[in-house]
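Since the structure comes first, as structure tokens, the remarks are kept for the end.
Number of protein chains: 2
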Amino acid sequence: MAKTTSSSAGSRSEKARRSGKPTLKTVAEASGLAVTTISRALAGDPLISQSTRERVREIADRLGYAPDRAAQRLKTGRTNVISVLLDPHEEILGFGTSLLYGLTTALQGTPYHLIVMPNFLQTSNVEAVDYIVRNRLADGIIFTRTEVLDPRVRLLIEKDFPFVSHGRTEFVTPHPYVDYDNYTFAYEAARRLIAKGRRKLTIMLPLKRLTFSQHMMHGFMTAVREAGIAYEIAEEINLDSSAGVVRDHFRRRLQKPEPPDGLVCPGEVSALAAITGLNEGGWTLGREFDIVAKQTSRLLSDVQPRVETIYEDLTEAGETLGRVLLRRITTPETEPEKLQVLLKPHAMTPSENR
Amino acid sequence: MAKTTSSSAGSRSEKARRSGKPTLKTVAEASGLAVTTISRALAGDPLISQSTRERVREIADRLGYAPDRAAQRLKTGRTNVISVLLDPHEEILGFGTSLLYGLTTALQGTPYHLIVMPNFLQTSNVEAVDYIVRNRLADGIIFTRTEVLDPRVRLLIEKDFPFVSHGRTEFVTPHPYVDYDNYTFAYEAARRLIAKGRRKLTIMLPLKRLTFSQHMMHGFMTAVREAGIAYEIAEEINLDSSAGVVRDHFRRRLQKPEPPDGLVCPGEVSALAAITGLNEGGWTLGREFDIVAKQTSRLLSDVQPRVETIYEDLTEAGETLGRVLLRRITTPETEPEKLQVLLKPHAMTPSENR
DNA sequence: TGCAAAATTTGTAACGTTTTAAATAGCACG
DNA sequence: CGTGCTATTTAAAACGTTACAAATTTTGCA
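Residue numbers (our numbering), protein chains in the order written: chain X, 1015 to 1368; chain P, 1015 to 1368.
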């Protein structure tokens, strides 16, 4: 039909080739400038005059131009992707979701997208990390449940690949991290129980190999030793134990001699389970025992308002992780020490928590 | 230094240009074949002889070749990306996380990646959908909290863009969906309460505009009418209400005349909150009242084992969503009716739930 | 007015892949 | 031993972008 535009306009008919999506070429033709100029103008290159930069920006906006991510990625090698390794253990209570929300907030307005890589049945997710690094599937990686000598950290440091861990390690080489001050959490929690007159404290800990388990233990022990009171560590259960196991543990503990009367509990569901178990054993919260728990959602404070809590803002953690990783990526020369954030337990009371 | 390879080998020195990552060219040189042949052989094109196909496959594996996603995407227009719209309301109890896990399971072994787009403060996330479609940021979209006349569905049908909604709509044009049979859930839940001898039932519903709210209401009403017993709908609260509001609602309800003695509750946290409220009002679960709740995690059954539950498997939902979307993408000619799945309430008892 | 230097713009090539069209090899047949 | 066929392989172009080098215009100053 109208395929007779070979000599004069030449390109007009080829423009609507794929789907009419505007490209640099479209903008170039519309403005009478060269493709290169458009590219630079939109990138804000000062080599292009202020006036053309503005004009191009305007025309591009009018045409609804958006750069083709695939082409950019192919050319530059940058993927504009941040990978998050999600862990199945964190399924409970929207841990992952809160973190994701914070992350996306930090990435708002940047060209970065968030892609989720789950960690399935592997013992650790080093394989996933290796895969991402090897195939350059992302510009940066974020992961959680950091271990004392985390193999992912080791690998990423070795390959000099940008990452931020949620949690610290004990490697000598410093690396970017965002962590919650679990030492202070446990210390303060124990102090509150002691202030209530509790005489024998116990604590539920995360899996030992997770670094923050050590921090919590340390905080707890410091408080206990300062006060010179009795304590015990619940060895048979940990933060990953199902609520049923936790419940039964506490119920049974009452039947043995010298049960503790105060619990530092770093999980909301676990706290609920503990309360249920103790109730079943005939104890009442606030009378025979007290709990200070870590709060990451409104669950506990709404369901059991009498439990004291110390707040950990996971959305804030996610946002910080995002910000730190962006800095690591954009300014690689930054010393790792400046990319280490320790988030303090919030003074915020549950009712203020939005 | 060794830049004197211009005449003989020619390309050997340029190969290690970026990072040594093998490309089609690398494999071509290693095998003595042309780039095109490699591309076709790896794609399993029958035009290439069986023997070379095998040989190429082997060499490629040995070199650790992986196709460059950006280049493929640029060339073909396919992104190999699935977009999930995450909703902040689902933050509680890992709703999103379970779904994501199912999804990633379905996507295992496919070339598809999962990218998360959060829905922030918008009233609906049509904008996000529009953005994805317009800029071809994905090959398919999955979203939740489907409404009766969901604008996202309208847009996606109009643009003929692959998607699967979690939940049904009431549009006449059929479209792919994965839904849970909330009618049966509510019907069965109410029947169980009636069987326990409860005489006045109530139900907590999701926001009215969400389609599954209607389904639940219908199932509940059918059971109530069949039995000819009294009922009431809790109008002031819904599934999105905070646990605190739910708790207070139920506590106060006891002070007014003719309180209900059975509750159908589609949320675990809400169920806990309701129990707390009723306890505060002096009632005891199993004596003055009963609850049948929807179970999506182990929270409720572990913390309050005496609450009866009916199970909804969100991981299964996610996996189904993934599978259905893949079929929609790969075989676009499939009639939408064949891409509609209604998941039945699980007979599974809480203790079996893994 | 002329001319170098600075400022601004442009053409060409390349990133790694797939697609289209063309070339070559292999083979049977008259 | 060509001829026409099929089977198999290959070269060239393109996707949209950016980097590099080169070209053009403008400006400053003698």
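Cβ coordinates follow ideal geometry from the N, Cα and C atoms, glycine included.
Because the structure is a prediction, the values reported are computed rather than measured.
Verify the CB distance criterion: does residue 1178 of chain P have a CB-CB separation below 9 Å to chain X?
no
Quick one: grab the DSSP three-state call for residue 1316 of chain P.
helix
Beta-carbon proximity list for residue 1265 of chain P, same chain, < 6 Å, skipping 5 on both sides:
1291, 1294, 1295
Is there a C-beta anywhere in chain P that falls below 9 Å from the one on residue 1439 of chain X?
A question about residue 1439 of chain X goes unanswered here, because the residues of chain X that appear run from 1015 up to 1368.
Is the CB of residue 1105 of chain P under 9 Å away from at least one CB in chain X?
Confidence is the limiting factor: at residue 1105 of chain P the pLDDT is only 48, short of 50, which leaves the residue's position unreliable, though a coordinate-based value still follows. Answer yes: the Cβ-Cβ gap between residue 1105 of chain P and chain X drops below 9 Å somewhere.
Based on Cα-Cα distance, which residue from P:1268, P:1203, P:1060, P:1067 lies nearest to residue 1041 of chain P?
P:1067
Is any beta-carbon of chain P found at less than 9 Å from that of residue 1309 of chain X?
no
Classify residue 1318 of chain P: buried if its beta carbon has 16 or more other beta carbons within 10 angstroms, exposed otherwise.
buried
Using the three-state DSSP reduction, which class does residue 1227 of chain X fall into: helix, strand or coil?
Of the three classes helix, strand and coil, the one that applies to residue 1227 of chain X here is helix, per DSSP.
Hey, would you say residue 1277 of chain X sits closer than 9 Å to residue 1306 of chain X, going by beta carbons?
Yes. Within cutoff.
Tell me which same chain residues have a C-beta within less than 6 Å of the C-beta of residue 1227 of chain P, skipping the five on either side of it?
1219, 1220
Let me check understanding here. Comparing Cα to Cα, which of X:1194, X:1157, X:1287 lies closest to residue 1176 of chain X?
Residue nearest to residue 1176 of chain X within the set X:1194, X:1157, X:1287 is X:1157 (criterion: CA-CA distance).
When the cut-off is 9 Å and only beta carbons count, does residue 1312 of chain X lie next to chain P?
Cβ-Cβ to chain P under 9 Å: yes for residue 1312 of chain X.
Answer yes or no: does any C-beta atom of chain P fall closer than 9 Å to that of residue 1053 of chain X?
With respect to chain P, the C-beta atom of residue 1053 of chain X has no partner C-beta closer than 9 Å.
Determine the closest residue to residue 1179 of chain X out of X:1097, X:1248, X:1090, with distance taken between C-alpha atoms.
Nearest of X:1097, X:1248, X:1090 to residue 1179 of chain X, Cα basis: X:1097.
Tell me, please, whether the segment 1195-1211 of chain X touches the segment 1166-1175 of chain X by the rule of three or more beta-carbon pairs shorter than 8 Å.
Counting Cβ pairs under 8 Å, fewer than three are found: no touch.
Can you tell which of X:1167, X:1252, X:1249, X:1153 has the C-alpha that lies nearest to the C-alpha of residue 1185 of chain X?
Among X:1167, X:1252, X:1249, X:1153, the Cα nearest to that of residue 1185 of chain X is on X:1167.
Which first and last residues belong to the alpha helix (DSSP H) in which residue 1263 of chain P is found?
Following the DSSP letters along the chain, one finds residue 1263 of chain P inside the alpha helix (DSSP H) bounded by residues 1257-1267.
Where residue 1304 of chain P falls: helix, strand or coil (DSSP)
strand
Span of the alpha helix (DSSP H) around residue 1086 of chain P:
1083-1090
Which of the residues in the segment 1119-1133 of chain X, read from start to end, lie with their CB under 7 Å from any CB of chain P?
1127, 1128, 1129, 1130, 1132
Taking buried to mean at least 16 other C-beta atoms within 10 Å of its own C-beta, is residue 1346 of chain X buried or exposed?
exposed
Are there 16 or more other CB atoms within 10 angstroms of the CB of residue 1247 of chain P, so buried, or fewer, so exposed?
exposed
If you measure from the beta carbon of residue 1299 of chain X to each beta carbon in chain P, is any gap under 9 Å?
no
Could you list which residues in chain P have their beta carbon closer than 8 Å to that of residue 1114 of chain X, in chain order?
1100, 1110, 1130, 1132
Examine chain P for any beta-carbon lying closer than 9 Å to the beta-carbon of residue 1082 of chain X, and answer yes or no.
yes
Hey, could you find the ends of the beta strand (DSSP E) residue 1251 of chain X is sitting in?
No beta strand (DSSP E) holds residue 1251 of chain X; DSSP gives it neither H nor E.
According to DSSP, simplified to helix, strand and coil, what is residue 1360 of chain P?
strand
Quick one: give me the first and last residue of the alpha helix (DSSP H) that residue 1128 of chain X is part of.
No alpha helix (DSSP H) holds residue 1128 of chain X; the beta strand (DSSP E) holding it covers 1127-1132.
State the Cα-Cα distance for the pair residue 1206 of chain P and residue 1324 of chain P, rounded to the nearest angstrom.
10 Å
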